[in-house]
Amino acid sequence: MAILNRCVATVVVLVIAASVLHAAPMVRVKDIGKILQDRDNQIYGFGLVVGLRNTGDSHRSIFTNKALTNVIARSGIAPETNDFFRSRNVAAVMVTAQLPLYSKKGQTIPVTVSSIGDSISLSGGTLLMAELKGADNKTYVVAQGSVVVHGDVSRKAQATILQDTTTVGLIPNGGIVEAEVPRTVQDQRFITVVLNQSNYITASRVAKAMNDTGFFGAMAVDSATIKIPFLDYNEGSLVDLMAQLEMVEVEPDGLARVVINARTGTIVIGEKVRLLPVALTHGNVSIQIKSNQAFVQNKRNPVVVLEPRSTLDSLVSALNKLGTRPKDLIAIIQSLKASGALIAHVEVI
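Here is the structure:
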């Protein structure tokens with residue numbers, strides 16, 4: 053893979069992928085996919101953040117008014133809520149979190165609080181005890197604690213952050229697990245592995261590698277899903293089974309892809325990218341690629357000869373030697389793609 057960035061005067065190309073003459077690196081299944089049963093669970097709940105310095109909800113937030121009334125009433129006090137809102141020191145929030153599958157009672161997880169009223173900032177506030185529920189309406193986590201807002205990091209950093217980010221904050225380790233997520237893997241006939249990126253070749257290789265390492269019956273059911281049957285196991289061996297499954301090594305299929313960041317001038321070139329015979333002129337730069345010869349030249353510099361089987365990174369390296377500007381490189385790559393000479397998917401971000 054080659055990386056090009058215009059942050060330097062001369063365009064520099066770094067080859068960071070393995071050469072096509074060498075075998076592609078082997079990777080673990082856990083690095084390119086995930087066991088489906090081991091997914092996180094989304095939970096959420098309603099809460100109140102108190103202790104704000106005149107940056108909370110105004111009296112126009114009716115639901116905040118009612119929620120605060122209920123909280124105070126549970127303490128045995130009949131409040132006049134209008135008195136509380138004169139200082140705007142309370143804000144209604146939604147509390148969200150990701151609950152890992154194997155979380156145990158008493159463990160803590162981070163939670164995110166987001167304003168749902170007209171508060172200005174949650175900085176310096178404290179979340180009162182809030183119950184976080186799952187899709188089954190069961191309470192799994194109780195959250196409480198001091199809210200950390202990104203804008204609190206430093207005044208210098210705050211200047212680069214959008215103002216509305218102060219209405220979203222984090223409570224590190226603010227959620228305490230009160231109920232464990234039901235485990236259903238024991239009731240399954242198959243272990244399902246889902247690839248991070250769909251690819252039929254990679255899916256087929258993963259299934260073959262699993263069969264070769266003792267996970268007999270593993271099969272790729274589509275471009276992203278591999279199923280492995282299992283029958284005899286107990287609680288103790290299940291962990292070892294999953295660990296062995298994640299450690300299976302496979303050679304993933306590389307993608308012929310070029311990613312261009314038009315704003316920064318960065319170009320990322322995949323190892324599988326190839327060029328077909330073509331002749332192209334861009335400004336004072338001429339490119340000719342034939343089946344047995346390829347060269348690049350401009351009016352001020354001599355010819356730069358490329359290897360017969362030209363790759364895009366070798367072309368970019370040659371253009372770099374000629375002092376081609378990043379914006380011209382991007383235009384050349386887009387022209388090569390439009391002509392059909394560039395065998396790759398080009399993505400502009």
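Everything in the sequence shown is counted per our numbering, starting at 53 for the first residue and increasing by one. A virtual CB, placed ideally from N, CA and C, is assigned to each residue, including glycine. Model, not experiment: these values are computed from the prediction.
Candidates the options: closest to residue i by CA position
i: L293; options: V193, D109, T244, A231; result: T244
i: A314; options: I253, G128, A308, P378; result: P378
i: V193; options: L151, I253, P304; result: L151
i: V123; options: R105, T107, A144; result: A144
i: P329; options: K157, S275, I341; result: I341
i: S175; options: A295, L388, L104; result: L104
i: R326; options: V147, V337, L307; result: L307
Per DSSP, the bridge partner or partners of residue i
i: G221; result: V165, V201
i: L184; result: V193
i: N313; result: T318
i: I278; result: V245, A272
i: L100; result: A144
i: A149; result: I95
i: G85; result: L247
i: G227; result: I161, A195
i: L394; result: L327
i: R377; result: According to DSSP, which records beta bridges pairwise, R377 is partnered with nothing at all.
Residue i versus residue j: straight-line alpha-carbon distance, rounded
i: A182; j: S369; result: 58 Å
i: Q403; j: G85; result: Residue 403 falls outside the range modelled here, since the chain spans only 53 to 401, and no answer is possible.
i: I161; j: Q386; result: 46 Å
i: Q196; j: V101; result: 9 Å
i: I114; j: A261; result: 60 Å
i: D83; j: G266; result: 20 Å
i: L214; j: V201; result: Residue placement at L214 is flagged as unreliable, the pLDDT there being 41, under the threshold of 50; the coordinate-derived value follows with that caveat. L214 and V201: Cα-Cα distance of roughly 12 Å.
i: H397; j: I95; result: 38 Å
i: S166; j: A187; result: 19 Å
i: L297; j: V81; result: 7 Å
i: Y154; j: D92; result: 9 Å
i: S275; j: S256; result: 8 Å
i: T121; j: T254; result: 58 Å
i: G99; j: V291; result: 37 Å
i: T107; j: G227; result: 24 Å
i: I395; j: N372; result: 21 Å
i: I319; j: G335; result: 20 Å
i: N251; j: D305; result: 8 Å
i: I223; j: V163; result: 5 Å
i: A125; j: V142; result: 16 Å
i: S289; j: V229; result: 26 Å
i: L247; j: F282; result: 20 Å
Simplified DSSP state of residue i, which is helix, strand or coil
i: S387; result: helix
i: L328; result: coil
i: E301; result: strand
i: L367; result: helix
i: R257; result: helix
i: I114; result: helix
i: I213; result: With a pLDDT of 39 at I213, under the threshold of 50, the modelled position of this residue cannot be trusted, and the question is left open.
i: T121; result: helix
i: V233; result: coil
i: L290; result: helix
i: L179; result: strand
i: S206; result: Note on S206: pLDDT 43, under 50, position unreliable in the model; no value is reported.
Buried versus exposed, by CB contacts within 10 Å (16 or more), residue i
i: D109; result: buried
i: I321; result: buried
i: R140; result: buried
i: A270; result: buried
i: I382; result: buried
i: G158; result: exposed
i: A191; result: The sequence shown places Thr at residue 191, not Ala. Exposed, since its Cβ has fewer than 16 Cβ neighbours within 10 Å.
i: D216; result: Note that D216 has pLDDT 47, beneath the 50 cutoff, so the model's placement of it is unreliable and the number below is only indicative. D216 comes out exposed.
i: K279; result: buried
i: T333; result: exposed
i: R241; result: exposed
i: V310; result: buried
Any non-hydrogen atom of the ligand ADP within 7 Å of residue i CB
i: E323; result: The ligand content of the structure shown is nil, which means the ligand ADP is not present either.
is_contact[residue i, chain D] using C-beta, thresh 8 Å
i: A149; result: The structure shown contains no chain D; it holds only a single protein chain.
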